[in-house]
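The opening residue of the sequence shown carries number 1 in UniProt numbering; numbering runs sequentially from there. First comes the structure, then the notes that go with it.
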Amino acid sequence: MLDAAVACFWRHGFDATSIRDLIGETGLTAASLYNAFGDKRSLFRLALERYIEGGIGQRLARYQEVSPLEGVRGYLRDVVERSLNDPANKGCMVVNAALEFATRDSEFRPMIAGTFARIEAFFLDCVRRGQHDGSVTRALADEDLARHCLAVLMGVRVLARIRPERAVLDGAVAALLRSLEARPDEGLLISRNDHAEIRPDTP
1 MLDAAVACFW RHGFDATSIR DLIGETGLTA ASLYNAFGDK RSLFRLALER
51 YIEGGIGQRL ARYQEVSPLE GVRGYLRDVV ERSLNDPANK GCMVVNAALE
101 FATRDSEFRP MIAGTFARIE AFFLDCVRRG QHDGSVTRAL ADEDLARHCL
151 AVLMGVRVLA RIRPERAVLD GAVAALLRSL EARPDEGLLI SRNDHAEIRP
201 DTP
């Protein structure tokens, strides 16, 4: 029943989803729906939590155990493939919710912001491990690279809704991956937390 609600909200968004839509999708009567889940907002919260843990959470877990660059590459390519194989072009339910009402809704904004922070933390871990093993560039601060990864991910998610074209999405991901790769002529990067600056290598 909750998965059916996820599908309904994901397809239509919160505001455009009616109780009639939810009744039709879940097969519940109005009375049963209210008894089981409360009001529409409560059901949306449960649906969004289920989407986050069943989709984003599982994807993060899947790519945390691989090499740093492969983790970033795998996560983003997974998103691209899911986007291209979605005939309804639904995008990401969390991104859709952010665009729909997160800036004006004090209940859902922390939940959505926390999810984005969780994804950024995954990218930051990949970047730091890659900078440590030499596979990721040290020419930029780890926090900046992680935020760049998050920004590209958000862009891909939005682009996929209006231009679900492989060349467009693959191109955005490929450019990001090239920007992450370490170069042989890099200097030593001091952590941003220690007043980061790029210093030339010394003999």
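C-beta: ideal position from N, C-alpha, C; glycine also.
Going by beta carbons, threonine 137 and leucine 180 fall inside the 8 Å limit. Apart from sequence neighbours up to five positions away, the residues of its chain that approach glutamine 131 with a beta-carbon distance below 7 Å are Arg138, Asp142, ordered along the chain. Just so you know, the alpha carbons of arginine 77 and alanine 31 end up roughly 42 Å apart.
In this structure, Val173 is the residue among Ser42, Leu177, Arg183, Val173 with its C-alpha nearest to the C-alpha of valine 79. Valine 66 sits in coil when the DSSP states are folded into three classes, being neither helix nor strand. For arginine 41, the uninterrupted alpha helix (DSSP H) segment begins and ends at 40-51.
At the C-beta level, alanine 97 and isoleucine 119 stay beyond 8 Å of one another. Under the three-state reduction of DSSP, glutamate 120 is assigned to helix. Leucine 22: member of the alpha helix (DSSP H) spanning 19-26, first to last residue. Beta-bridge partners assigned by DSSP to valine 136: Glu181. Each residue's CA atom was taken as its position, placing leucine 124 and isoleucine 56 some 16 Å apart.
Taking every protein chain shown into account, the CB of glutamate 107 has fewer than 16 other CB atoms within 10 angstroms, so this residue is exposed. Asparagine 85 carries a coil assignment under DSSP once its states are collapsed to helix, strand and coil. When C-alpha distances from arginine 161 are compared across Phe116, Val95, Leu177, Ala121, the shortest belongs to Val95.
DSSP places arginine 11 inside the alpha helix (DSSP H), whose first and last residues are 2-12.
Burial is judged here by how many other beta carbons sit within 10 angstroms of a residue's own beta carbon; glycine 38 has fewer than 16 and is exposed. In terms of Cα proximity to leucine 69, the closest of Cys149, Phe101, Ser135 is Ser135. Pairing cysteine 126 with valine 72, the inter-Cα distance amounts to about 7 Å.
Ranked by Cα distance from leucine 48, the first of Gly155, Gly171, Trp10, Phe116 is Trp10.
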